[in-house]
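Engineer:
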Ligand SMILES: NC(=O)c1ccc[n+]([C@@H]2O[C@H](COP(=O)([O-])OP(=O)(O)OC[C@H]3O[C@@H](n4cnc5c(N)ncnc54)[C@H](O)[C@@H]3O)[C@@H](O)[C@H]2O)c1
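In the numbering used here, the protein residues as written are 16 to 189.
#1: Compute the beta-carbon to beta-carbon distance between residue 127 and residue 140, rounded to the nearest angstrom, for a pair I have assumed lies under 8 Å.
#2: Go ahead and label residue 114 buried or exposed: buried means 16 or more other beta carbons lie within 10 angstroms of its beta carbon, across all protein chains shown.
#3: Taking only the alpha-carbon atoms, compute the straight-line gap between residue 168 and residue 149 and give it to the nearest angstrom.
#4: If you follow the alpha helix (DSSP H) that residue 76 is part of, which residue opens it and which one closes it?
#5: Decide if residue 130 is buried, meaning its Cβ has at least 16 other Cβ atoms within 10 Å, or exposed.
#6: Can you list, in chain order, the residues of its chain whose CB lies under 7 Å from that of residue 166, leaving out five sequence neighbours each side?
#7: Opposite residue 66 in the DSSP bridges: which residues?
#8: Are there 16 or more other CB atoms within 10 angstroms of the CB of residue 170, so buried, or fewer, so exposed?
#9: Around the Cβ of residue 99, are there at least 16 other Cβ atoms within 10 angstroms (buried) or fewer (exposed)?
#10: Compare the Cα-Cα distances from residue 138 to each of 77, 151 and 106 and report the closest residue.
#11: Give a single yes or no on whether residue 159 has its beta carbon closer than 8 Å to a heavy atom of ligand 1.
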């Protein structure tokens, strides 16, 4: 896996949030407040640089949330994946993702991680959430993940006990 860090190599998961002024947006996204999730506060400074974001799962909610990240302005949606090619394409078109970085099938998420992203949105089906989050964290990616974060107690243990501090996840419903 090849999830890129900032070139200086010193970005922490906490700085990831702070560097693009995303704290408010991320909090809102985690709270899934429709309509306000992507807005940066009017007083927020413009992001110094954009985070390279990968996106896995381009269904109804996935496409909507990916659009909010794009709308926020602090993210460059660099790669997308969905099991179905037509959904990956539709999402890729909407987010301005190059056709060469629209991946499909069951291994699409791995190709997203290998594409040079720094953060990943995991919005596919719950069965895959722990596996994909584990791979993303192992690749040094920041993670925003849909609920439920896991579907059995074994995988829930990974998310709650082993996941490094700073992994973004929706803690409201597990
Ligand atoms: N819809 C909601 O209101 C809602 C609310 C809270 C959380 N969620 C969660 O958000 C996630 C997405 O919800 P949705 O409504 O967009 O579902 P959806 O069924 O519309 O989309 C899921 C997408 O994931 C893709 N997918 C499945 N396995 C994949 C894999 N291995 N690799 C790549 N793509 C894969 C599917 O092809 C599909 O397009 C789900 O985990 C769901 O539990 C949904």
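Just so you know, even glycine gets a beta-carbon here, dropped at the ideal spot from N, CA and C.
Structural biologist: With the given structure in hand:
#1: Within the chain shown, the letter at position 112 stands for residue 127. Within the chain shown, the letter at position 125 stands for residue 140. Wrong, their Cβ atoms sit about 16 Å apart, outside the cutoff.
#2: Numbered from its first residue, the chain shown carries residue 114 at position 99. By the 10 Å Cβ count, residue 114 comes out exposed.
#3: Taking the first residue of the chain shown as position 1, residue 168 is located at position 153. Taking the first residue of the chain shown as position 1, residue 149 is located at position 134. When rounded, the separation of the alpha-carbon atoms in residue 168 and residue 149 is 15 Å.
#4: Sequence index remark: in the chain shown, residue 76 carries index 61 (1-based). Residues 75-87.
#5: In the chain shown, the residue the question calls residue 130 occupies position 115. When all chains shown are included, residue 130 counts as buried.
#6: Position 151 of the chain shown, counted from the first residue, corresponds to residue 166. For residue 166, where only same-chain residues beyond five positions count, the Cβ hits under 7 Å are 141 and 142.
#7: Residue 66 sits at position 51 when you count from the first residue of the chain shown. Bridge partners of residue 66: 90.
#8: Within the chain shown, the letter at position 155 stands for residue 170. Flag for residue 170 reads buried.
#9: Translated into positions along the chain shown, residue 99 becomes position 84. The residue is exposed, with fewer than 16 neighbouring Cβ atoms inside 10 Å.
#10: Position 123 of the chain shown, counting from 1, holds the residue named residue 138. Comparing Cα positions, the closest option is 77.
#11: Here residue 159 corresponds to residue number 144 of the chain shown, with the count starting at 1. The beta carbon of residue 159 sits no closer than 8 Å to any heavy atom of ligand 1.
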